[in-house]
Amino acid sequence: METITERESHYKNLEQLSVLEILESINKEDQTVPLAVKKALPQIEQLATVTASKMRDGGRLFYIGAGTSGRLGVVDASECPPTFGVPFDMVVGIIAGGDGAIRKAVEFAEDDTEQAWKDLAEFHITDKDVVVGIAASGTTPYVIGGLKMAHKNNIVTGCVVCNSGSPVAAEAQYPVEVVTGPEFLTGSTRMKAGTAQKLVLNMLSTSVMIQLGRVKGNKMVDMQLSNNKLVNRGARMVMEETGLNEDEAAALLKQYGSVRNAVDNYKKTN
Numbered sequence: 405m406e407t408i409t410e411r412e413s414h415y416k417n418l419e420q421l422s423v424l425e426i427l428e429s430i431n432k433e434d435q436t437v438p439l440a441v442k443k444a445l446p447q448i449e450q451l452a453t454v455t456a457s458k459m460r461d462g463g464r465l466f467y468i469g470a471g472t473s474g475r476l477g478v479v480d481a482s483e484c485p486p487t488f489g490v491p492f493d494m495v496v497g498i499i500a501g502g503d504g505a506i507r508k509a510v511e512f513a514e515d516d517t518e519q520a521w522k523d524l525a526e527f528h529i530t531d532k533d534v535v536v537g538i539a540a541s542g543t544t545p546y547v548i549g550g551l552k553m554a555h556k557n558n559i560v561t562g563c564v565v566c567n568s569g570s571p572v573a574a575e576a577q578y579p580v581e582v583v584t585g586p587e588f589l590t591g592s593t594r595m596k597a598g599t600a601q602k603l604v605l606n607m608l609s610t611s612v613m614i615q616l617g618r619v620k621g622n623k624m625v626d627m628q629l630s631n632n633k634l635v636n637r638g639a640r641m642v643m644e645e646t647g648l649n650e651d652e653a654a655a656l657l658k659q660y661g662s663v664r665n666a667v668d669n670y671k672k673t674n
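Quick note on numbering: the sequence shown equals residues 405 to 674 in this note's numbering.
Right under this line is the structure:
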């Protein structure tokens, strides 16, 4: 396979550019990313559909990755409970090297082909679940090994990669290949590739949660009310759905703990 993510940057002598030239050039490259993601929408649709089906039957979604890719998986997984009100272990992000690798790189952690399956086994993974490998290059041994073992155990597998025809994609039943091309800084896949992966993960988790009924209209009716901003947002949602004033809506929200419960109970009694 050709690792397009490792190709030479289109830009030379970066240290000789002005700050504005650097920023304009990065921005120019970044604008190509959504177009690359658009080409992969049919692949994302397939992965999102099968993931929602498995989760509807009680399954979970696991992300596995190393470095930037692993961190992006952890971020997406950790944002699902507060956004959609799902249990914290319904979407799980696993990074090579363990949680400590979120802040500090763990040397050679991504090169272990057996560790990902060991990490997944700690969660008692079954064939009800889905495993999505995230790897910009599509060559990460940690991810390849994890997907291979998941497939061997009849677990649905997907991936998000930024090269075509990669070993990671070959191990995934539902590969998503977003070819973003050379990075502004040669080989720095935290840039365009990372942006592409973040966009895909946003699409995947959001579309899955909508399919699971965790959104009403366009509102996060099951979000966790974990700070004043979210409480105020929730109260406004209740006001819109019930016609109550701000104080009444806030009291109802406090009583029932979520927008969905507050609105449903109001409508039952009115």
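Each residue gets a CB set at the ideal place from its N, CA and C atoms; glycine is no exception. Nothing here was measured: the structure is a model prediction, and the numbers come from that model.
Taking K602 as the centre and dropping the five residues before and after it, the same chain places the C-beta of L476 closer than 6 Å to its C-beta, in chain order. Residue burial annotation: A525 is exposed, with fewer than 16 other C-beta atoms found within 10 angstroms of its C-beta. For I506, the three-state secondary structure derived from DSSP is helix.
Note on R464: 16 or more other CB atoms within 10 angstroms of its CB, so buried under the neighbour-count rule.
At a Cβ-Cβ threshold of 9 Å, E412 and T590 count as neighbours.
Cβ contact annotation for V642 (same chain, cutoff 7 Å, sequence separation greater than five): L648, A653, L656, L657, V663, A666 and V667, in chain order. Annotated as proximal: N567 and T409, with beta-carbon spacing under 9 Å. Inclusion of R594 and G497 in the CB contact set at 9 Å is not warranted, their separation being larger than that value.
The three-state reading of DSSP puts K432 in helix, counting H, G and I together.
Judged by DSSP secondary structure, T455 falls within the alpha helix (DSSP H) whose first and last residues are L445 to R460. For A505 against A513, the beta-carbon gap comes to about 6 Å, under 8 Å, which counts as contact.
The closest CA to that of L608, considering only V510, A456, E419 and T436, is found on A456.
Per the DSSP secondary-structure output, A539 pairs in a beta bridge with V565.
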